[in-house]
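Peer 1:
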Amino acid sequence: MQLLAGDIGGTNSRLAIYQTGPDAGLELVTEKDFASAEFDGLEAIIAEFLQQSGAEVERAAFGVPGPVRNGQCTTTKFHWQLSAKSINARFGFAATHLLNDLEANAWGIDRLKDEQMVLLQAGDPDAQGNRSIVSAGTGLGEAGLFWDGHQHIPFATEGGHSDFSPSTPLEFALFEHLTKQHGHVSWERLVCGPGLETIHDFLRQHRKAPAPAWLKQVMREQGSAAAISNAALTKQDEICDQALDLFVRLYGREVGNHALKIMATGGVYLGGGIAPKLIDRLRQGAFIEAFLDKGRMQELMASMPVRIILNQRTALLGVAHFAATMSL
Numbered sequence: 396m397q398l399l400a401g402d403i404g405g406t407n408s409r410l411a412i413y414q415t416g417p418d419a420g421l422e423l424v425t426e427k428d429f430a431s432a433e434f435d436g437l438e439a440i441i442a443e444f445l446q447q448s449g450a451e452v453e454r455a456a457f458g459v460p461g462p463v464r465n466g467q468c469t470t471t472k473f474h475w476q477l478s479a480k481s482i483n484a485r486f487g488f489a490a491t492h493l494l495n496d497l498e499a500n501a502w503g504i505d506r507l508k509d510e511q512m513v514l515l516q517a518g519d520p521d522a523q524g525n526r527s528i529v530s531a532g533t534g535l536g537e538a539g540l541f542w543d544g545h546q547h548i549p550f551a552t553e554g555g556h557s558d559f560s561p562s563t564p565l566e567f568a569l570f571e572h573l574t575k576q577h578g579h580v581s582w583e584r585l586v587c588g589p590g591l592e593t594i595h596d597f598l599r600q601h602r603k604a605p606a607p608a609w610l611k612q613v614m615r616e617q618g619s620a621a622a623i624s625n626a627a628l629t630k631q632d633e634i635c636d637q638a639l640d641l642f643v644r645l646y647g648r649e650v651g652n653h654a655l656k657i658m659a660t661g662g663v664y665l666g667g668g669i670a671p672k673l674i675d676r677l678r679q680g681a682f683i684e685a686f687l688d689k690g691r692m693q694e695l696m697a698s699m700p701v702r703i704i705l706n707q708r709t710a711l712l713g714v715a716h717f718a719a720t721m722s723l
């Protein structure tokens, strides 16, 4: 049986055909990336991919950036209207599943090999229980995996949109700055690629230290978040370094918040595109220090293994695995 799997994003959408057998094993047949902005919706991407591949698909599953309710989703960033029922009707699949993109990542975790992850905190060697996955990229996604005593069952959340909670005078100043602009300030405002830019811009104003001309040029060439990150990692600019430090601390704190709320004693996973690029910085201590800083719960937090996911196809593997499991 052939399955269609998709990892849908605001910048790129990756589709793949997998062949599966009775044991739900997966074999990649073909895969292609599409620039999302060049299409008016997911169905247009599916139509082009199926025409190019010539595949005869029985079932499909897609990880999508937004809350999924009753098989429908309006994507958070670019406002596509998605419907599993509509996809089925157009393409004649036996079943189509829409999953929140972080839920899709959660389904992919058990498909990963040890070398596709980096350990940040060893935690308890016999760790067992619920798991947490938090991904910073274009936005901030959060999901969990409930341990029922025999297996992990992924579930979606929209925790990245919960209220940001400042804890230092500098963070309160940042909070007030963003409140004037946006009203509600979520963790996603800060812990994502655009969030690093937001922190950097705030610090420039707060420290009264305008960006130097060379940095502005690099921002135009590489993109602001990449330029800020690179300038920080190479110690070329003090404000960039401070911005990345605050970003890492906020990331660690919110990952700890999510892990604590769902009692993720079975492990914590960092997905998304940012963490693999900041491995050395995340290892320097500020991230784990912020992760552990939960008062009387610090010992519990120290028992949780924390890993960075390196495989950027985890969500694609996850939705394929989900579709194969649902077909059994």
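With the working numbering applied, the sequence shown has no gaps in its numbers, which climb one by one up to 723 at the end. Think of the CB as a built atom: it goes at the ideal place given N, C-alpha and C, for glycine as much as any other residue.
#1: Taking S557 as the reference, which of I412, E583 and L591 has the closest Cα?
#2: Got a sec? Which residues, its chain only, sit under 6 Å from H595 by beta carbon, not counting five neighbours each side?
#3: Using a Cβ-Cβ cut-off of 8 Å (strictly less than) and excluding sequence neighbours within five positions of E592, which residues of its own chain qualify?
#4: Have a look at V650 and A432 and give me their C-alpha separation to the nearest angstrom.
#5: Which residues share a DSSP beta bridge with D596?
#6: Report the start-end ranges of each beta strand (DSSP E) in the region 521-599 that is 3 residues or longer and not cut off at the edges.
#7: In chain order, what residues of the same chain have a beta carbon less than 6 Å from the beta carbon of G661, not counting five sequence neighbours either side?
#8: Buried or exposed: which applies to W609, given that a residue is buried once 16 or more other Cβ atoms fall within 10 Å of its Cβ?
#9: Around the Cβ of I674, are there at least 16 other Cβ atoms within 10 angstroms (buried) or fewer (exposed)?
#10: Counting C-beta neighbours from all protein chains within 10 Å, is the total for S581 16 or more, i.e. buried, or is it exposed?
#11: Can you tell me the Cα-Cα spacing of L711 and G458, whole angstroms?
#12: Among the candidates A626, M658 and A718, whose CA atom is the shortest distance from the CA of A538?
#13: Can you give me the Cβ contacts of D519 inside the same chain, cut-off strictly under 8 Å, excluding the 5 residues immediately before and after it?
#14: Touch check for the region 562-576 and the region 544-553: three-plus C-beta pairs under 8 Å?
#15: Output needed for A455: all residues of its chain with C-beta closer than 6 Å, excluding positions within five of it in sequence on either side, in chain order.
#16: Is I482 closer than 8 Å to G666 when the C-beta atoms are compared?
#17: Does the region 492-509 touch the region 703-718, meaning 3 or more C-beta pairs lie closer than 8 Å?
#18: What do you reckon, are the CB atoms on R678 and L515 nearer than 8 Å?
#19: Span of the alpha helix (DSSP H) holding S698?
#20: What are the start and end residues of the alpha helix (DSSP H) that includes T720?
#21: Have a look at R485 and L437 and give me their C-alpha separation to the nearest angstrom.
#22: To the nearest angstrom, how far is the alpha carbon of E571 from that of G554?
#23: Just how far apart, CA to CA, sit P607 and F642?
#24: What are the start and end residues of each continuous beta strand (DSSP E) run of 3 or more residues lying completely inside the region 418-454, in chain order?
#25: As an exercise, report each continuous alpha helix (DSSP H) stretch of at least 4 residues that is fully enclosed by the region 451-523, in chain order.
#26: Skipping 5 residues on each side, what residues in its chain have a beta carbon closer than 8 Å to that of M692?
#27: I'd like the list of long-range same chain contacts for L393, defined as Cβ closer than 7 Å, with 5 residues on each side in sequence excluded.
#28: Thinking just about the alpha-carbon of each residue, which of R599, L645, K508 and P605 is nearest to the one in T563?
#29: V663 bridges to which residues according to DSSP?
#30: Can you find a C-beta in chain B that's less than 8 Å from the C-beta of K611?
#31: Please classify I669: does DSSP put it in a helix, a strand, or coil?
Peer 2: With the structure as the only source:
#1: As a working mapping, residue 557 is identified with position 162 in the sequence shown. Closest by alpha carbon: E583.
#2: Stepping through the sequence shown from its first residue, residue 595 is reached at position 200. Excluding positions up to five away in sequence, the list reads I623 and A638.
#3: Mapped onto the sequence shown, residue 592 falls at position 197. The answer, listed in chain order, is S619, A620 and I623.
#4: Here the question's residue 650 lines up with position 255 in the sequence shown. Here the question's residue 432 lines up with position 37 in the sequence shown. Distance between the alpha carbons of V650 and A432 is about 30 Å.
#5: Counting from one through the sequence shown, the residue named residue 596 turns up at place 201. In the DSSP output, where bridge partners are listed per residue, D596 has none listed.
#6: Within the region 521-599, the complete beta strand (DSSP E) segments at least 3 residues long are 526-531, 535-542 and 547-551, listed from N- to C-terminus.
#7: What you label residue 661 is simply residue 266 of the sequence shown in a count that begins at 1. Same-chain partners within the cutoff: A522, Q523, G524, N525, R526 and W542.
#8: To locate residue 609, count along the sequence shown from 1; it is residue 214. It is exposed - the Cβ of W609 has fewer than 16 other Cβ atoms within 10 Å.
#9: In the sequence shown, residue 674 corresponds to position 279, counting from 1. Exposed, since its Cβ has fewer than 16 Cβ neighbours within 10 Å.
#10: As a working mapping, residue 581 is identified with position 186 in the sequence shown. Flag for S581 reads buried.
#11: Mapped onto the sequence shown, residue 711 falls at position 316. Mapped onto the sequence shown, residue 458 falls at position 63. The alpha-carbon atoms of L711 and G458 are separated by roughly 7 Å.
#12: Your numbering for residue 538 matches position 143 in the sequence shown. That would be M658, whose Cα lies nearest to the Cα of A538.
#13: Numbered from 1 along the sequence shown, position 124 holds the residue referred to as residue 519. Once the five neighbours on either side are set aside, the close Cβ partners of D519 are T660, S698, M699 and P700.
#14: no
#15: The count along the sequence shown starts at 1 and reaches residue 455 at position 60. So the qualifying residues of the chain are L399, F488 and T491.
#16: The residue labelled residue 666 in the question sits at position 271 within the sequence shown. The residue labelled residue 482 in the question sits at position 87 within the sequence shown. No, the Cβ-Cβ distance between G666 and I482 is not below 8 Å.
#17: yes
#18: Along the sequence shown, one-based indexing puts residue 678 at 283. Along the sequence shown, one-based indexing puts residue 515 at 120. Yes, these two residues count as a Cβ contact at 8 Å.
#19: Stepping through the sequence shown from its first residue, residue 698 is reached at position 303. No alpha helix (DSSP H) contains S698, which DSSP labels as neither H nor E.
#20: Taking the first residue of the sequence shown as 1, we reach residue 720 at position 325. Note, T720: alpha helix (DSSP H), T709 to M721.
#21: Here residue 485 corresponds to residue number 90 of the sequence shown, with the count starting at 1. Here residue 437 corresponds to residue number 42 of the sequence shown, with the count starting at 1. So the two alpha carbons sit approximately 12 Å from each other.
#22: Counted from its first residue, the sequence shown places residue 571 at position 176. Counted from its first residue, the sequence shown places residue 554 at position 159. Rounded to the nearest whole angstrom, the C-alpha separation of E571 and G554 is 21 Å.
#23: Mapped onto the sequence shown, residue 607 falls at position 212. Mapped onto the sequence shown, residue 642 falls at position 247. Those two C-alpha atoms are separated by around 21 Å.
#24: 421-430
#25: 479-486 and 496-503
#26: In the sequence shown, the residue the question calls residue 692 occupies position 297. Excluding residues within five positions, the ones whose Cβ falls inside 8 Å are L655.
#27: Shown here, the chain extends from 396 to 723; a query on residue 393 therefore has no answer.
#28: On the sequence shown, position 168 is the one that residue 563 refers to. Measuring from the Cα of T563, the nearest candidate turns out to be L645.
#29: Counted from its first residue, the sequence shown places residue 663 at position 268. For V663, which the question treats as bridged, DSSP gives the partners S527 and V701.
#30: In the displayed structure, chain B is absent; only one protein chain is listed.
#31: Against the sequence shown, residue 669 aligns to sequence position 274. Per DSSP, reduced to three states, the secondary structure at I669 is coil, with no helix or strand assignment.
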